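Asks: If you want the numbering used here, it's the 1-based position in the sequence shown plus 308.
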Amino acid sequence: MAGPDGSYSGTSPSNQPSGDVTVKAADDAGNVSPNTVVPYVDGIAPGAPTVNVVPNADGSVTVDGKSEPGSHVTITYPDGSTGTVVAGPDGSYSGTSPSNQPSGDVTVKAADDAGNVSPNTVVPYVDGIAPGAPTVNVVPNADGSVTVDGKSEPGSHVTITYPDGSTGTVVAGPDGSYSGTSPSNQPSGDVTVKAADDAGNVSPNTVVPYVDGIAPEAAIAITSITTDSGASATDYITSDNILVFNGTLGAALGAGEKAQISLDGGVTWLDSTVSGTTWSYDNQAATLADGTYNVQVRVIDTAGNVGQTASQSVIIDSAVPSAAIAITSITADSGASATDYITNDNTLVFNGTLGAALAADEKA
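1. How would you call V628, buried or exposed, if buried means at least 16 neighbouring beta carbons within 10 angstroms?
2. Since V381 and V393 are thought to touch, with beta carbons under 8 Å apart, how far apart are those beta carbons, to the nearest angstrom?
3. When the Cα of L551 is compared with those of D625, K374 and D413, which residue comes out closest?
4. Between the alpha carbons of S320 and P377, how many angstroms are there, rounded?
5. Can you list, in chain order, the residues of its chain with a C-beta nearer than 7 Å to that of P410? Leave out the 5 residues immediately preceding and following it.
6. Locate the beta strand (DSSP E) running through W587, then write down its first and last residues.
7. Taking 7 Å as the line, does the beta carbon of S487 fall inside it for any heavy atom of the ligand MG?
8. Am I right that S492 and G562 are in contact with their C-beta atoms under 8 Å? What's the rounded C-beta distance?
9. On the three-state DSSP scale, how would you describe V359?
10. What does DSSP give as the partner residue(s) for N657 in the beta ladder?
11. Assess contact between the stretch 633 to 653 and the stretch 597 to 609, defined as three or more Cβ pairs (one per stretch) separated by less than 8 Å. Is contact present?
12. With a threshold of 7 Å on Cβ separation, who are the neighbours of V359 within its own chain once the five nearest residues in sequence on each side are excluded?
13. Do G488 and V479 have their beta-carbon atoms positioned less than 8 Å apart in this structure?
14. In terms of DSSP beta bridges, what is T477 paired with?
15. Leaving out five residues on either side along the sequence, give the residues of the same chain with a beta carbon under 7 Å from the beta carbon of Y544.
16. Identify every residue that forms a DSSP beta bridge with T370.
17. What are the uninterrupted segments assigned as beta strand (DSSP E) that are 3 or more residues long and contained completely in the stretch 474 to 550, given in chain order?
18. Excluding the 5 residues preceding and the 5 following Y470 in the sequence, name in chain order all residues of the same chain whose CB lies nearer than 7 Å to its CB.
19. Q620 bridges to which residues according to DSSP?
20. Since A644 sits in a beta bridge, which residues does DSSP pair it with?
21. Contact check, S460 vs A418 under 8 Å by CB: the rounded distance?
22. To the nearest angstrom, how far is the alpha carbon of D634 from that of G663?
23. Determine the closest residue to I522 out of G463, Q616, A668 and L596, with distance taken between C-alpha atoms.
24. With 16 as the cutoff for other CB atoms within 10 Å, does A395 come out buried or exposed?
25. By the 10 Å Cβ neighbour count, where 16 or more other Cβ atoms means buried, how is T344 classified, buried or exposed?
26. Looking at N613: is its Cβ nearer than 8 Å to the Cβ of D520?
27. Please say whether A527 and G558 have beta carbons closer to each other than 8 Å?
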């Protein structure tokens with residue numbers, strides 16, 4: 309109501325956008341004046357928003373608070389991503405980050421429809437949410453190594469422990485994908501994977517059993533026996549009943565692999581001594597009976613996968629020939645007697661007899 313001097317004054321019940329202010333007057337008789345219209349340009353920035361940061365179980369954060377009703381509230385999350393929401397009629401706003409967040413500042417500002425921007429409100433956030441347990445897929449490779457891949461929190465440091473105890477750490481990509489390959493061939497055992505974020509929060513372990521189904525690749529050969537007696541040192545025919553068996557490998561054996569030998573046709577397997585790419589088996593503590601042996605060797609891993617094999621026939625014959633032997637004449641035995649072995653012949657033939665026929669491997 310205008311005063312005795314016609315003065316009046318009124319204040320809006322809430323903050324006002326740019327627009328027209330329209331004023332009219334009416335007297336007690338109900339007569340109404342023409343409107344007076346005055347344009348108004350809003351030049352008042354919203355106040356700094358209030359900010360509350362709530363961590364979520366998946367590592368994202370929800371930011372809420374109060375701002376000027378209807379203002380456009382922009383939230384900048386610790387990882388640099390942003391989101392804009394509109395404050396409700398009571399000024400309430402709320403926004404959630406699109407992904408899990410590291411430690412850092414949450415910055416919030418508000419802008420009204422006239423483009424006036426509030427001061428920033430900055431709230432520090434400390435990431436206390438551990439990454440979820442990674443997903444794990446184990447793929448065996450032809451060389452016996454394994455590749456481990458899966459999903460984890462984006463940017464997390466994923467540590468893989470392989471069955472042989474070796475470890476490797478990789479960083480999950482923006483989509484959470486990770487992949488790592490063991491530095492060597494692997495035995496059967498557990499693959500254990502965990503993830504840690506930049507704040508040091510560590511996920512639960514994911515443990516996946518791995519069964520080694522890859523056979524060793526190294527070739528194996530029998531190269532000699534000690535001692536290989538007789539006319540040839542390489543024919544594997546010997547009179548020695550206490551032998552050492554020797555051989556070579558095509559490559560150094562991997563973890564959990566070993567060279568084995570069988571002296572009984574594959575019924576029993578004995579571990580050989582391996583040094584680099586050579587192997588040996590000392591059987592001198594056990595006397596072998598005379599006979600023919602099908603000596604077999606193989607490469608095997610701890611999972612029982614058998615790789616390359618080789619075999620060699622070895623003949624042991626320590627028996628002395630039983631047939632008697634005698635010299636009965638020379639040709640020609642000249643002179644007074646044909647049996648005195650006195651001759652003037654410089655080109656002789658020597659003759660004799662055996663007490664029995666020789667065996668196939670015997671000679672006079």
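Where a beta carbon is used, it is the ideal one built from N, C-alpha and C, also for glycine. Computed from a prediction, not measured in an experiment: that's the story for all the values here.
Replies: Judging by the given coordinates:
1. With fewer than 16 Cβ atoms within 10 Å of its Cβ, V628 is classed as exposed.
2. Correct: roughly 5 Å between the Cβ atoms.
3. Of the listed residues, the one whose Cα sits closest to L551 is D625.
4. Between the C-alpha atoms of S320 and P377 there is a straight-line separation of about 14 Å.
5. For P410, where only same-chain residues beyond five positions count, the Cβ hits under 7 Å are P386, D387, D435, D505, D506 and A507.
6. Per DSSP, W587 belongs to the beta strand (DSSP E) from T586 to D590.
7. Of the ligands one can find in the structure shown there are none, so the ligand MG has no counterpart to examine.
8. In this structure S492 touches G562 by the C-beta definition: roughly 6 Å separates them, less than 8 Å.
9. Of the three classes helix, strand and coil, the one that applies to V359 here is coil, per DSSP.
10. The displayed chain sequence assigns Val, not Asn, to residue 657. The beta-bridge partner set that DSSP reports for V657 consists of T639.
11. As far as the Cβ criterion goes, the stretch 633 to 653 does not touch the stretch 597 to 609, which means the pair count is below three.
12. Hits under 7 Å: V371, G373, V414, V416, T429 and V431.
13. The criterion of a C-beta distance shorter than 8 Å is not satisfied by V479 and G488.
14. T467.
15. The residues I533, D536, Q620, S621, V622 and I623, in chain order, have a CB closer than 7 Å to that of Y544 in the same chain once the five nearest residues on each side in sequence are set aside.
16. Per DSSP, V362 and T404.
17. Counting whole runs of 3 or more residues, the stretch 474 to 550 contains the beta strand (DSSP E) stretches 475 to 479, 485 to 489, 497 to 504, 514 to 518 and 528 to 534.
18. Result list for Y470: V454, S490, Q494 and V499, in chain order.
19. Partner residues in the beta bridge of Q620, as assigned by DSSP, are V603.
20. Answer is none; A644 lacks a bridge partner.
21. Contact flag wrong, Cβ pair sits at about 36 Å.
22. For the record, residue 634 in the displayed sequence is Ala; it is not Asp. C-alpha separation (whole angstroms): 8 Å.
23. Residue Q616 is the option with its Cα nearest to I522.
24. Classified as buried, A395 has 16 or more neighbouring CB atoms from the shown chains inside 10 Å of its CB.
25. Flag for T344 reads exposed.
26. In this structure, D520 lies closer than 8 Å to N613 by Cβ.
27. Yes, the Cβ-Cβ distance between G558 and A527 is below 8 Å.
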